[in-house]
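Protein sequences, first through last, are from chains A and B. So for the first sequence, our numbering puts the first residue at 10; every next one is plus one. So for the second sequence, our numbering puts the first residue at 5; every next one is plus one.
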Amino acid sequence: MNEEYRYDYRTVEGYILSSIVWAVVGLVVGLLISVQLFAPALNFAPWASYGRLRTVHTNILGFGLGIGAIFGLCYYIVMRLTRRTLLFPRLARLQLWLFNVGILAALVTLAMGYTQSLEYAEMEWPLDIAIVVVWVMFAVNVFGTILARREEQMYVSLWFIIATVVGVAVLYIVNNLAIVAGPMKSYHLFAGVNSANVQWWYGHNVVGFVFTTPILAMFYYFLPKSTGLPIYSHRLSIVAFWSLVFGYLWTGAHHLVYTPLPDWIQTLAIVFTLFLIAPSWGSVVNGYGTIGEDWSKMKTSYLAKFFILGITFYGLQTVQGPTQALRVVSQLIHFTDWVPGHVHMGTMGWVALTVTASIYYVIPRIYGTEIYSVKLANTHFWLVLVGQLIFSFTGWITGIQQGAMWKALTPEGTLKYTFMEGLVKNYPYWHLRSLGGTIFVVGMLVFVANVLMTIQKGRALEAA
Amino acid sequence: MAGKIYSKPILFTLMVTVAVLAGSIVMMAYPMLRADMHPKLENLRPFTALQLAGRDIYQREGCVNCHTQTVRPLRTEVMRYGDYSKAGEFFYDRPFLWGSKRTGPDLAREGGKRPDAWHLAHYENAQAIVPRSNMPPYGWMKANKLDAAAVKAHMDALGLPFTAQQIAELATRTEMDALVAYTQQLGHAVEKKKAAGGLDLAATNPFGTSPQAIAAGAVLFAASCSVCHGDEGQGGIGPSFTNGEFLAQKGYGTDGEYFAVISGGSDAKKAIGRPGSPDGGMEAYAGQIPPEGIWQLVSWIRAQQLHEGSEPPKVEHREHQTGGRH
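Structure representation (structure tokens):
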């Protein structure tokens, strides 16, 4: 390990290891709730019932795995691109501890039923304050280090990291404004239709600034690094960046199509959602253009396929999303299992592939060694790919079926199916979904083992 | 190209902030200033203390993860659930609980559709009422008394009106009572859709006593009615058809009256106007079951009445019935 960077790299490693622990917790909970969908007997205690655990699943994976990995990998990228150590190394370490305490508290309190009932902003107000503190620590270190950089130009990845810091701060603070009613109870400051509009402005964009911009920062840094190929077009990066950061914030209300939200907000959101295909595909084209300079890298660099499949799922995700926003499509698939199918293509496809590949890149470099096993990494790749495809496709199919059954009429003009007739048709697909989820989780466990073995190898080298 | 900003982090960050705020202001902040984001229906009542306690429990249990509370203005959706949701129904909803996934049915029009006893039995063991349901059990709530002081603090925080007596009464109520009270007020601000067309109480059953119609009616009855009215129509959560009474009075109704009540639900009961008949409880099946099906049900009910009249009344009860708790 490079002496100058030793302390900061240990911090990076700490974030990566933490995110891995939360990944395992969140994934196991995810598997459990997928089975609860067809086996209600598994709701064996109030804290273990589907309604509470679904929130645990999304928060532990979004905030524990997602944000944890983002902290670690962004700090790594910031150090490389500024050619220096973090400006406040001890602050980053303190932030790591506070982060883990916060996620643990989230796990416990969400299982206990303390929730604000706002999707991806469920944590109650004391935890919100802790999250804001953690985020400010992150912002101070990112901006401080960038201001004290030893490289004049800021590379694309730094732009996306800055956008992440700003975007999440604005979104998180506004949507979590609340009327405090007790030590662990609050009510949204906004009511009714307004509450819905603020929530989905947040809900959609937090996906944009947690599952898109920082992941693109990783993509733009680690794809060239792991293949040795320069980014295809710098100009395209610029256009894609600014149009994404500008366009994203207009689109949240596409989650509220056909609700009592005023029509003009819905329509404007749908229009901007269609526009958003352009910046998203800017990055997709950039990824393909980069690997297009030398396709043989797909074979010679074991990480290239993670990034290229990842950006492929990002591309599919960002076409599927706008399609769903159209009123005619929304009325069929909204509220159905199509939506979890869509979400999981983004999280299990784009985010998980990119993040795990970035971790594969970083961990050996911290110790100046190689990955423990490329073969295991390839096994991990195929397992998570197959698992995710089964998960997404079963969701899409049963979602369309549900939507169609809800809308079906008899020749006499009465409803053709009861709600239950529609629900029971999901069961076979939910079985398959759990199978896909299991394959995915096994793949992720292979990844965890590979990372842990690499660290063990690195530490043995260090001790020698 | 203005490449300079990529070496000026402060300026760059300011530009990003402006870009992020532009859409946020137009789509999120500006609408707040408009009256159409804060409408309130005339009939909308604030939550009572018991209802708010129930809403807190609805939040705590993550019901919103599986149930929506917004009926979209789509033909089939209005037929299935009732009138589409209005912006002015949600004035007191902090936060909104429209949801994003309908693993279970929408609940925006659930209030008053079914009797309390149905909800009590269903919350306790959904599979006993709806055999292949995947809803978790919530019977444990019956053992949990409400925390009156906490509910009062919540009412205060929201600025909702209450009396000391209402708060005092909470101490004797359970979480289950609160959840049922919350469920039963859902959608109260919107007048229930009247059954389509006028009621023809003198209509005669085109199928009469046709054995085919009775057989078809039996299938429909088992699917939609037996949960509340008993497997043989002997009653349970809902009234009996075979005890010599109709709408709480001696004597059976006419074919047209049965048809009207099945089609139009509780609203039709009011139109028939038999004193002593309890309000609410009966769902309107017009739109869910075609008219022929409803006549077939009438055929089956008639057959049951004849059949039951020739033997002593049954006293069997299903296990899940909680009879008389409410």
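Built from N, CA and C at the ideal position, the CB exists for glycine as well.
The count of Cβ pairs closer than 8 Å, one atom from the region 280–295 of chain A and one from the region 313–331 of chain A, reaches three, so the stretches are in contact.
With its beta carbon less than 8 Å from one in chain B, A:Q208 belongs to the interface. Scanning its chain for C-beta atoms nearer than 7 Å, with the 5 sequence neighbours on each side dropped, one finds around A:L232 the residues G296, T299 and F316, in chain order.
Among the bridge pairs identified by DSSP, A:V189 is matched with A:S195. Taking 3 residues as the minimum length, the region 290–374 of chain A contains no beta strand (DSSP E) run wholly inside it.
Secondary structure note for A:F147: its alpha helix (DSSP H) is the uninterrupted segment W134 to L156.
B:Y186 sits close to B:R59, with the two beta carbons spaced by under 8 Å.
Taking the Cβ atoms as the reference, A:L258 lies roughly 6 Å from A:N214, within the contact range of under 8 Å. Shown here for A:T260: same chain residues with a beta carbon closer than 7 Å to its own, the five before and five after excluded, namely H213, A278, F281, T282 and L285 in chain order.
Secondary structure at B:K254: strand, using DSSP grouped into helix, strand and coil. Chain B places a beta carbon closer than 8 Å to that of A:G261, counting this residue as a contact. Rounded to the nearest whole angstrom, the CA to CA distance from A:I399 to A:R442 is 6 Å. If you look at B:Y62, you'll find it in the alpha helix (DSSP H) that goes A53 to R64. DSSP, reduced to helix, strand and coil, places A:L418 within a strand of the structure shown.
Under the 8 Å criterion on CB atoms, B:T178 is classed as non-interfacial with respect to chain A.
Under the criterion of beta carbons closer than 8 Å, A:G60 and B:G66 qualify as touching, at roughly 3 Å. Under the 10 Å beta carbon count, A:F390 is surrounded by 16 or more other beta carbons and is classified as buried. Per DSSP, A:E471 has no beta-bridge partner at all. Contact of B:A23 with chain A is assigned, a C-beta pair being separated by under 8 Å. Nearest CB-CB separation between B:E195 and chain A: not below the 8 Å threshold. The beta-carbon of A:F344 is placed less than 8 Å from the nearest beta-carbon of chain B.
Within the region 209–245 of chain B, the complete alpha helix (DSSP H) runs of at least 4 residues fall at 215–228 and 230–233.
Per DSSP, the continuous alpha helix (DSSP H) segment holding B:G27 begins and ends at P13 to S28.
The beta-carbon of A:G446 is placed no less than 8 Å from the nearest beta-carbon of chain B. Contact between A:A78 and A:I368 holds: their C-beta atoms lie close to 7 Å from each other, under 8 Å. Against chain B, the CB of A:G191 has a partner CB under 8 Å away; the residue lies at that interface. Note on A:F72: 16 or more other CB atoms within 10 angstroms of its CB, so buried under the neighbour-count rule. With distances taken between CA atoms, A:M307 lies nearest to A:L238 out of A:S339, A:L238, A:G350 and A:A262. In this structure B:T52 is buried. Its beta-carbon is surrounded by 16 or more other beta-carbon atoms within 10 angstroms. Residue-level contact check: B:H192 does not touch chain A, since none of the beta carbons of chain A fall below 8 Å from its beta carbon. The beta carbons of A:V143 and A:L107 sit closer together than 8 Å.
Put simply, the CB of A:N203 is near chain B, with a gap under 8 Å to one of its CB atoms. Sixteen is the threshold: when 16 or more other Cβ atoms of the shown chains lie within 10 Å of the Cβ of A:V266, as they do, the residue is buried. Residues of the same chain with a CB within less than 6 Å of the CB of A:E302, apart from the 5 flanking positions on each side, are L238 in chain order. Neighbours of A:G176 across chain B, judged by C-beta separation under 7 Å: V24. Chain-ordered, the chain B residues with CB closer than 7 Å to the CB of A:R63 read G66 and N69.
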